[in-house]
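Notes follow once the structure below has been shown.
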Amino acid sequence: MAGDGGAGGGTGSLRGGAAPGRPQHVVDLRSDTVTQPGAAMRGAMARAAVGDDDYGEDPTVNELQQLAARTLGMEDALFVPTATMANLIAVMCHCQRRGAQLLLGAQAHLHIYEHGGAAQALPDLPDGMLDLEQLELAIRETHGSRYHPRPELICLENTHSSAGGRALPLTYLQQVRLLAERYGLRVHMDGARLMNAVVSQAVEPARIAQHCDSVSLCFSKGLGAPAGAVLAGRRAFVAEAWRVRKLLGGGMRQAGVLAAAARVGLEQAEETLRRDHDNARRFAQGIKELNSPLCSVSLAAVETNMVMVEVKGLSPAELCAHLQAVSEEELAETGHAVSVLLFPWSERTVRAVWHCDVSARDTELALNKLGFVARKCQEKLGQGNSPHSTGEH
Ligand SMILES: Cc1ncc(COP(=O)(O)O)c(C=O)c1O
Numbered sequence: 026m027a028g029d030g031g032a033g034g035g036t037g038s039l040r041g042g043a044a045p046g047r048p049q050h051v052v053d054l055r056s057d058t059v060t061q062p063g064a065a066m067r068g069a070m071a072r073a074a075v076g077d078d079d080y081g082e083d084p085t086v087n088e089l090q091q092l093a094a095r096t097l098g099m100e101d102a103l104f105v106p107t108a109t110m111a112n113l114i115a116v117m118c119h120c121q122r123r124g125a126q127l128l129l130g131a132q133a134h135l136h137i138y139e140h141g142g143a144a145q146a147l148p149d150l151p152d153g154m155l156d157l158e159q160l161e162l163a164i165r166e167t168h169g170s171r172y173h174p175r176p177e178l179i180c181l182e183n184t185h186s187s188a189g190g191r192a193l194p195l196t197y198l199q200q201v202r203l204l205a206e207r208y209g210l211r212v213h214m215d216g217a218r219l220m221n222a223v224v225s226q227a228v229e230p231a232r233i234a235q236h237c238d239s240v241s242l243c244f245s246k247g248l249g250a251p252a253g254a255v256l257a258g259r260r261a262f263v264a265e266a267w268r269v270r271k272l273l274g275g276g277m278r279q280a281g282v283l284a285a286a287a288r289v290g291l292e293q294a295e296e297t298l299r300r301d302h303d304n305a306r307r308f309a310q311g312i313k314e315l316n317s318p319l320c321s322v323s324l325a326a327v328e329t330n331m332v333m334v335e336v337k338g339l340s341p342a343e344l345c346a347h348l349q350a351v352s353e354e355e356l357a358e359t360g361h362a363v364s365v366l367l368f369p370w371s372e373r374t375v376r377a378v379w380h381c382d383v384s385a386r387d388t389e390l391a392l393n394k395l396g397f398v399a400r401k402c403q404e405k406l407g408q409g410n411s412p413h414s415t416g417e418h
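The sequence shown runs 26 to 418 under our numbering.
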């Protein structure tokens, strides 16, 4: 399974490539982390007023922190270099007693890719939620026992990346909150893609954040900034988070150049993410219309900027290799030379992620390429012996 940390690539660009001597158009759907800062963002970075943020003197960072706190309905927020650091600081602040335990989904980014070894991981449901009965049982197993670790923190991921960008329902968040209160636990939300949930559910960010003690929000995913995240919560919590950021070496100096980019990303979030979600949905619908036995999607599961494509008859890695390769045959048949970059996600799925550098036209080209690859693979699989089409599932 791939994370969001792959190397190389660009998107929507013309490059020399596999069809000898011919330029190819690259559509990079590996992750929303691969974006290039646009002109407005670069302009804002160049103009940003800066100061030493370690002394609290960077006006652009200070403004961004205030804006983020207001947006999330929290008392305060802290600018940090990465979402990983935001989550780690949250865990370190919430779980200060030795033997403290955090509970999260086994597929949570915090568990798989952020060395969340201190956690008790529970099975995630396909929609990214935790089974509340199981969660309560897990808490009750150790709660109040002097022989076990102390359950102190529940971590949620919203949107849930491994579940294909599913947005957690507000009623579920409320139920988790009530459960946490019943047992005296706190709730942290890995909101790396919180704004995708906001756009998908058409709610104010604060309506989501109100169920949490702390929320991280990343600027370098769908918001398109080159780096940075915030961790928001109550004033005393953020004061403590400042100390931990320092401890981890995450205190930055003239970080206003990054905060300026983050601000542009946040201000443009609604427009950018709505377009990404529309493109992702269009892609999923296109797969359904292809009606190919090789790949299928669940339209109902496409809520934000990700599409999980289920692959049959070849491995996800093989499908990705075919989509990336460009041939003379493709050029002759379709008139295009398009290289589509994707990550194999699990044994049977490939994940496609939309972001600000993938246009509606890129989406059509990616879909055409998938259609071409599906036809060629089916021909090779020996006309008629291929798996039966299931369409949507
Ligand atoms: C849900 C989620 N949380 C946190 C992170 C960590 O972000 P970063 O690698 O920028 O620290 C990622 C990265 O892709 C993510 O997908």
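The beta carbon of each residue, even a glycine, is placed where N, CA and C say it ideally should be.
Given the structure is predicted, the values throughout are model-derived calculations rather than measurements.
Checklist entry - Around the Cβ of Thr374, are there at least 16 other Cβ atoms within 10 angstroms (buried) or fewer (exposed)? => result buried
Checklist entry - Mind checking whether Gln61 and Asp382 have CB atoms under 8 Å apart? => result yes
Item to check | Pick from Glu139, Ala73, Tyr208 and His185 that is closest to Arg218, judged by C-alpha positions | outcome: His185
Item to check | Residue closest to Arg207, alpha-carbon to alpha-carbon, out of Glu100, Ala94 and Leu178 | outcome: Leu178
Checklist entry - Comparing alpha-carbon positions, which option in Leu283, Thr359 and Glu372 lies nearest Leu89? => result Leu283
Checklist entry - What are the start and end residues of the beta strand (DSSP E) that includes Thr374? => result Thr374 to Val378
Checklist entry - Does DSSP put Phe368 in a helix, in a strand, or in coil? => result strand
Checklist entry - From which residue to which residue does the alpha helix (DSSP H) around Asp301 run? => result Ala294 to Leu315
Item to check | Reference Thr58, options Leu367, Lys394, Cys237 and Ala73, closest by Cα | outcome: Leu367
Next on the checklist: Just to confirm the assignment, what range does the beta strand (DSSP E) spanning Arg175 have?
Outcome noted: Arg175 to Glu182
Checklist entry - So what does Gly216 bridge to, in DSSP terms? => result Leu242
Item to check | Cβ shell of His336 (< 7 Å), same chain only, five flanking positions each side left out | outcome: One point to set straight first is that residue 336 is Val, not His, in the sequence displayed. Leu319, Cys320, Leu344, Arg373, Thr374 and Val375.
Checklist entry - With DSSP run on the structure shown, which of helix, strand or coil describes Arg122? => result coil
Next on the checklist: Quick test of your reading: Arg66 and Gly216, contact by CB under 8 Å. State the CB separation rounded to the nearest angstrom.
Outcome noted: In the sequence as presented, Arg is not what sits at residue 66; that position holds Met. About 21 Å; that fails the 8 Å criterion.
Checklist entry - Is the beta carbon of Thr85 sitting closer than 8 Å to the one on Gly281? => result yes
Checklist entry - What residue does the beta strand (DSSP E) around Leu248 start on, and which one ends it? => result Segment: none, Leu248 is in no beta strand (DSSP E) and carries neither H nor E.
Next on the checklist: For Asn304, count the other beta carbons within 10 Å of its own beta carbon; 16 or more makes it buried, fewer makes it exposed. Which is it?
Outcome noted: buried
Item to check | Segment limits, alpha helix (DSSP H) that includes Val86 | outcome: Pro84 to Leu97
Checklist entry - CB of Asn330 to nearest heavy atom of ligand 1: below 7 Å? => result no
Checklist entry - Taking one C-beta from the stretch 111 to 128 and one from the stretch 256 to 263 each time, how about it: are there three or more such pairs within less than 8 Å? => result yes
Item to check | Helix, strand or coil at Leu103 [DSSP, three-state] | outcome: strand
Item to check | Arg221: CB within 7 Å of a non-hydrogen atom of ligand 1 | outcome: The identity of residue 221 in the sequence shown is Asn, whereas the question assumes Arg. Not under cutoff, so the answer is no.
Checklist entry - So, using beta-carbon positions, are Ala287 and Ile114 closer together than 8 Å? => result no
Next on the checklist: DSSP three-state label for Cys345, please.
Outcome noted: helix
Next on the checklist: Which of the three DSSP states is assigned to Val263 in this structure?
Outcome noted: helix
Item to check | Selected residue, minimal CA-CA separation from Ala257, among Ala64, Ala231 and Arg278 | outcome: Ala231
Checklist entry - What do you reckon, are the CB atoms on Pro176 and His168 nearer than 8 Å? => result yes
Checklist entry - Where His50 and Gln349 are concerned, what is the direct C-alpha to C-alpha distance, given to the nearest angstrom? => result 10 Å
Next on the checklist: Once DSSP output is grouped into helix, strand and coil, what is the label at Gln403?
Outcome noted: helix
Item to check | Any non-hydrogen atom of ligand 1 closer than 7 Å to His134 Cβ | outcome: yes
Checklist entry - On the three-state DSSP scale, how would you describe Ala146? => result strand
Item to check | The beta strand (DSSP E) enclosing Glu335, as first and last residue numbers | outcome: Met331 to Val336
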